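Enquirer:
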Amino acid sequence: MNFEVSRPKKSVIVFKIGEKKIDALNSPELKAEFLALCQSGVKFLIVDLSQVEYCDSSGLSALLFCRRRMNENKGEVMLVGVRDKILNLMRIARIDSIFNFSGSVEEALSKIKG
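In this text, residue positions in the sequence shown follow full-length UniProt numbering: the first is 1, and each later residue adds one.
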């Protein structure tokens, strides 16, 4: 799986997914990456989905896994760059209300204090 990790602030990790699809083929690897990031003690995880054009139920499961792990560690997940097609899928699955969204990484960072 292609991704980039950066740490623009001490308490923030930006995880940019460089794949066009999140599906059953790559979601197990994505979950493993999320687990490692969540266990690092970071308070805010910004997941940049701006390059992702397709997401199936396995991909949604990976995002939910990430949110659950961050909540267990008293952290937050923010999704950025979510395309309309994926946002509509999240609405249909009724999980859009449990995530925080921003249009860009910069916008997300401006909302985070610390």
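C-beta atoms are modelled at their ideal positions from N, C-alpha and C, and glycine is treated no differently.
A quick note: this is a predicted structure, and the numbers were derived from the prediction, not measured.
Which partner residues does residue 55 have in the DSSP bridge list?
Expert: Paired residues: 22.
Enquirer: Tell me, to the nearest whole angstrom, how far the beta carbon of residue 161 is from that of residue 17; I am working on the premise that it is less than 8 Å.
Expert: Here the chain has residues from 1 to 114 only, and residue 161 is not among them.
Enquirer: Name the one or two DSSP bridge partners that residue 102 has.
Expert: Answer by DSSP bridge pairing, in chain order: 80.
Enquirer: Between residue 34 and residue 69, is the Cβ-Cβ spacing less than 8 Å?
Expert: Contact: yes.
Enquirer: Which residues in the same chain as residue 65 place their Cβ atom closer than 7 Å to its Cβ, once the five residues preceding and following it in sequence are excluded?
Expert: Result list for residue 65: 31 and 34, in chain order.
Enquirer: With respect to the beta strand (DSSP E) encompassing residue 6, which residues constitute its N-terminal and C-terminal limits?
Expert: Start and end: 3-9.
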